[in-house]
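Engineer:
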Ligand SMILES: *[C@@H]1O[C@H](CO)[C@@H](O)[C@H](O)[C@H]1NC(C)=O
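Numbering (mature numbering (1 follows the signal peptide of the UniProt record, and there is no 0)), first residue to last: -18 to -1, 1 to 279.
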């Protein structure tokens, strides 16, 4: 006869064995609280506002998007929405942060770009990115987009920091704008010290290789928020050498915001597992809604 202790141990072992792997995984993927989700909302509006014409963001008169962050003080805006994505820089008193925002592009265009065989990886410009190892490679298209506005953004951020004695800078963007924001998130701290940087991307595609993802993880505070079955975050494919940094938050079908640990987490609760290929993706999810905010001006 088994001692009750041994019996309990055996049952315990069986119970552990019987638990489906998905249940075991679920234990370390955590849901954000309502308060944590709400804290992203001003930044979600800032990312959406980047779709507005620069003349309206410079005056901070762009309707609902601007009204959502009514106390914002713009410093500079630019881009033409065609060869250069719109962008703006300013200061948010309520977030106590300089904000840098980049416009994205429409869903069909970014999908076409990213499934293109020309998703070539290349090294970063040594003048813009001094000291970054040449093993770090990024999508050349994204790299060239970021380079178009880099020095203008840097000077506007410096102006905003000194005008408002700011100690924080937050870079945001959606879609292509998230890719540019991530590169700005790497670039700006190489030229500005003594402030805290944070990057928040929405529907962000993969931007670089494994070395880039590792660089981001060790140098940058990043959150990238992916909505349901949006296919953009799984592009360009890992088979092309692309890799996501950590910091994914995946909005599930239940509207729970799930924090996914690690890089490119393959759990079905996270983007890579939920959208195994673009045919199972839903392009309509790319623009949101992200906690009620749909990207666009
Ligand atoms: C994915 O998340 C699970 C928790 O569910 C964690 O145990 C695992 O290490 C993560 N995978 C990666 C690749 O980081």
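Heads up, the beta-carbon is just placed ideally off N, CA and C, and yes, glycines get one too.
Keep in mind the model is a prediction, meaning the values are calculated, not measured.
1) Per DSSP, which residues does residue 155 bridge with? Please list them.
2) Enumerate in chain order the residues of its own chain whose CB-to-CB distance from residue 206 is below 6 Å, with the five nearest sequence positions on each side excluded.
3) Beta strand (DSSP E) containing residue 48: first to last residue?
4) Short of 7 Å in beta carbon distance, which residues of its chain neighbour residue 248, apart from the five on each side in sequence? Order them along the chain.
5) Alpha carbon to alpha carbon, how far is residue 172 from residue 270? Give it in angstroms, no decimals.
6) My guess is that residue 82 and residue 139 are in contact by the Cβ rule of under 8 Å, so how many angstroms apart are they, rounded?
7) Flag this pair as yes or no: are the beta carbons of residue 51 and residue 74 separated by less than 8 Å?
8) In chain order, what residues of the same chain have a beta carbon less than 6 Å from the beta carbon of residue 280, not counting five sequence neighbours either side?
9) Measuring straight from C-alpha to C-alpha, what distance separates residue 190 and residue 219?
10) For residue 59 and residue 131, I'd like the C-alpha separation in whole angstroms.
11) Per DSSP, what are the beta-bridge partners of residue 219 in this structure?
12) Determine the DSSP secondary structure at residue 27, reduced to helix, strand or coil.
Structural biologist: With the given structure in hand:
1) Secondary-structure assignment with DSSP links residue 155 through a beta bridge to 84, 183.
2) Cβ neighbours of residue 206 beyond the five flanking positions: 183, 186, 229, 230.
3) That residue, residue 48, is in no beta strand (DSSP E); its alpha helix (DSSP H) goes 46 to 49.
4) Same-chain partners within the cutoff: 254, 255.
5) About 32 Å.
6) Sure, about 6 Å apart at Cβ, within 8 Å.
7) Yes; because the gap between Cβ atoms is below 8 Å, this pair is in contact.
8) Nothing can be reported for residue 280, as the shown portion of the chain is limited to -18 through 279.
9) One C-alpha to the other measures close to 11 Å.
10) Taking the straight line joining both Cα atoms gives about 11 Å.
11) DSSP lists no partner for residue 219.
12) Looking at residue 27 - three-state DSSP - the assignment turns out to be helix.
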